[in-house]
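J.: Residue numbering for the sequence shown follows the numbering used here, starting at 9 and increasing by one per position.
For each residue, glycine too, the CB sits at the ideal point set by N, CA and C.
Predicted model, so just to flag it, every value in this text is computed and none were measured.
Sharing a structure with you now.
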Amino acid sequence: MAQALVKHLAALRMEVEHLDGHTSIEPYCGGVFTIFGHGNVAGLGEALVAERERLTTYRAHNEQTMAHAAIAFSKAQFRQRIMAVSTSIGPGATNMVTAAAVAHVNRLPVLLLPGDVFATRRPDPVLQQIESFGQGDVSASDCFRPVTRYFDRLTRPEHILTALPRAIQMMTDPANCGPACLSLPQDVQAMAFDCPEDFLNPGVLRFRRPPADERELAHAVALLRSAKRPLIVAGGGVLYSQAWAALRAFVETHGVPVVESHGGKSSLPWDHPLNLGAIGVDGVSWANDMAREADVVFAVGTRLQDFTTGSHALFPQAKLLSLNVQPYDAGKWSGTALVADARVGLGQLETGLAGWAADTAWTARAQQQAAAANARITELTTNAPKDMLPYDAEVIGAVRDSATELGLDSGIRDVALCAAGTLPAELHKLWRASLPGNYHMEYGYSCMGYEVAGGLGVKMARPEQESIVLVGDGSYMMANSELATSLLLGQKMIVVILDNRGYGCIERLQIKTGSPGFNNMLDDCVPEGGERSSIDFAMHARSMGADAVHVKDVAELKAAMVKARQATRTQVIVIDTTHHRTTDGGCWWEVAVPEVSGRREVNEAHANYVKAQTQQRI
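Structure representation (structure tokens):
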């Protein structure tokens, strides 16, 4: 059975659309990440050896993070291609569950192939087997059921004939796209069956682009025509449908300003005159101000996460129109739904909107705000003080401007990647991306430890670009082993570690909700008899083979980045930063505050919390 699975994946092709608009036929599966163990080495392992010329196998160091790399690969390819991930049974499989949740929340395809116990049950209990006293058919792989879009346990070899095409159908469905898991009992992997020849020679895959229903379209047109102060919220669906040209044409034809979610950032170039930048909890003040005044919010390809909507309190006054290929997302907030592919839907709207435009004063104000904003961002990212530790904005500026020293355009050349901590907010506000996909943020699950592995996946997907990982010390310590994998595979990336000595963003949230700083910053976590943390991150990176340096200030960081860009192997740069300074902006975010507390600060925070709830859209 395993041979049939691998041969099918090796032969599978996808029609891929590139950034410049041309299409090509490419292998759908970009390779298989695996750590062999009992449960996959003898069955699937033998099959991978036989097909290694057509389907590359990559060895990693951790099951969760190799899956993160596979997920990042797919995201960087706008979901048009995937990688597969294979593990042993037991802990190898469960290590991958968190990554499955990352893919599920972010609507990203990855094929998960965990090994499983014997279908015959003859040798039970085997090493690493979970025994349920009440359910005889339960194994560790059942943990994947709630965090995958498709799950199947193959207890017969011929099951692959239906299970694998169903998994691929799910991963290539624009509305239901996400992770698929085929749990493979180790004995079934090794079983023979009469495989049809056509299964080994599958056809070419293509993403569907469903159009809008004519009745929904008419309602959407009417709503937009009524708008004087419309605002577009661009989400990840703009990128996955490759609707950036359609969005730009729509914006320029009708004079509608655009704000971007994390998923949608880079939908328009950073310097487009109607791109107001980041919206929401970690957005910029000028974008949020426009959102509060909009009369119609046109959400394109966004799932309207709480960070985008200020926990439903940012623009409750506006009428909502949601263009989304997924009906579940289009129907949120009881707004007007337009279920369609983003690119197709935007094109369909144009016919009915001929002659309509936003109020000229609204458009002009947006243009003025965008111009002033870009000047402000330049100021924030280039004026590093000399008498204090830098904060994230100044680091971002040095990373970006180091490209200029080499005559390069960072907006075109660089893919910036992050996932958790303070950095997502700063990058959302301040990073400048000129090409779609040059901002790569995992902020659906916001999984600490995604960053280094994600940088590897991005480099494998987009080798012509610079994969730049910006990561805090906390996230780096969660998972960093794929740094070694990047060297093993010859996939160069640049990792910038911002060391603020702890979980700075969580401490700020802790204090904002009325509690004292507690159990977040390393220097506050030393019990009697303990020792103050003194991690040498540069030395740690060098121990895994990377070139690494600890710089003393922003000037040294910029110089180190120039050298890192010229290098051919993975580079790590460490800089000490402060968590006490952040970039202004943002809006309310609902974090529950205790009703009862002996602390005055908590009681005050709870009163503010209750007051803010009155602004929510229900």
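1) Give me whichever residues DSSP pairs with histidine 558 in a beta bridge.
2) Given glutamate 166, which residues of its chain have a CB within under 7 Å of its CB, disregarding the five upstream and five downstream residues?
3) Does methionine 179 pass the burial test, meaning 16 or more other C-beta atoms within 10 Å, or should it be called exposed?
4) My assumption, with CB atoms under 8 Å, is that alanine 307 sits in contact with serine 330. Please give the rounded CB distance.
5) Check whether the region 224-242 touches the region 28-44, counting contact only when three or more Cβ pairs, one atom from each stretch, lie closer than 8 Å.
6) Nearest CA to the CA of tryptophan 370: which residue from Asp532, Asp303 and Ala556?
7) Roughly how many angstroms separate the alpha carbons of isoleucine 505 and tyrosine 458, rounded to a whole number?
8) I need the DSSP call for proline 193, collapsed to helix, strand or coil.
9) What do you get for aspartate 132, buried or exposed, if any count of 16 or more other CB atoms within 10 angstroms of its CB means buried?
10) How is methionine 501 classed by DSSP in three states: helix, strand or coil?
11) Is glycine 291 near glycine 272, with beta carbons less than 7 Å apart?
12) Taking valine 618 as part of the alpha helix (DSSP H), name the residues at either end of that continuous run.
13) Expressed to the nearest angstrom, what Euclidean distance is found between the alpha-carbon atoms of glutamate 450 and glycine 463?
14) What are the complete beta strand (DSSP E) segments, minimum 3 residues, inside the region 428-497?
15) Which full runs of the beta strand (DSSP E) of 3+ residues lie inside the region 272-334, going along the chain?
16) Give the DSSP-derived three-state secondary structure of tyrosine 158 in the structure shown.
17) Going by other Cβ atoms of all chains shown within 10 Å of its Cβ, with 16 needed for buried, is glutamine 377 buried or exposed?
18) Grab me the residues of serine 94's own chain with a C-beta within less than 7 Å of its C-beta, minus the 5 sequence neighbours each way, in chain order.
19) In the DSSP assignment, what are the bridge partners of leucine 506?
20) Three or more C-beta pairs under 8 Å: does that hold for the region 142-154 against the region 81-96?
21) How is the beta strand (DSSP E) around aspartate 422 delimited, first residue to last?
22) What's the gap between the Cα of glycine 339 and the Cα of threonine 576?
23) Under 7 Å Cβ to Cβ from cysteine 533, same chain only, skipping five residues before and after it: list those, please.
24) Looking only at C-alpha atoms, which of Ala620, Ala84 and Ala92 sits nearest to asparagine 446?
25) Are the beta-carbon atoms of cysteine 189 and phenylalanine 141 separated by less than 7 Å?
26) Quick check on this structure: which residue in Trp439, His614, Thr261 and Cys455 has the alpha carbon closest to the alpha carbon of valine 604?
27) Measuring CA to CA, which of Phe44, Arg384 and Val582 is closest to glycine 593?
28) Would you please state the rounded distance, in angstroms, between the beta carbons of aspartate 507 and aspartate 400? I believe it to be under 8 Å.
29) As a quick exercise: from Val289, Ala286 and Gln325, pick the residue whose alpha carbon is nearest that of valine 305.
30) What did DSSP end up calling leucine 213 once you bin it into helix, strand or coil?
31) Thinking just about the alpha-carbon of each residue, which of Tyr484, Trp278 and Leu239 is nearest to the one in arginine 300?
32) With DSSP collapsed to three states, give me the class of aspartate 400.
33) Roughly how many angstroms lie between the CA atoms of methionine 552 and alanine 546, to the nearest whole one?
34) Pick out whichever of Leu119, Gly480, Asn114 and Thr386 has its Cα sitting closest to the Cα of serine 269.
35) Quick one, which of Cys426, Leu192 and Val570 has its alpha-carbon nearest alanine 127's?
36) Do you know whose CA, among Val352, Gln499, Asp481 and Ser483, lies nearest arginine 470's CA?
T.: Let's see:
1) Val582
2) Phe201
3) buried
4) 5 Å
5) no
6) Asp303
7) 14 Å
8) strand
9) exposed
10) coil
11) no
12) 608-621
13) 11 Å
14) 447-449 and 474-480
15) 283-286, 304-308 and 327-332
16) strand
17) buried
18) Val40, Thr42, Asn48, Leu52 and Leu121
19) Gly480 and Ile583
20) no
21) 422-426
22) 48 Å
23) Asn527
24) Ala84
25) no
26) His614
27) Arg384
28) So it is not a contact: roughly 12 Å between Cβ atoms.
29) Gln325
30) strand
31) Leu239
32) helix
33) 10 Å
34) Asn114
35) Leu192
36) Gln499
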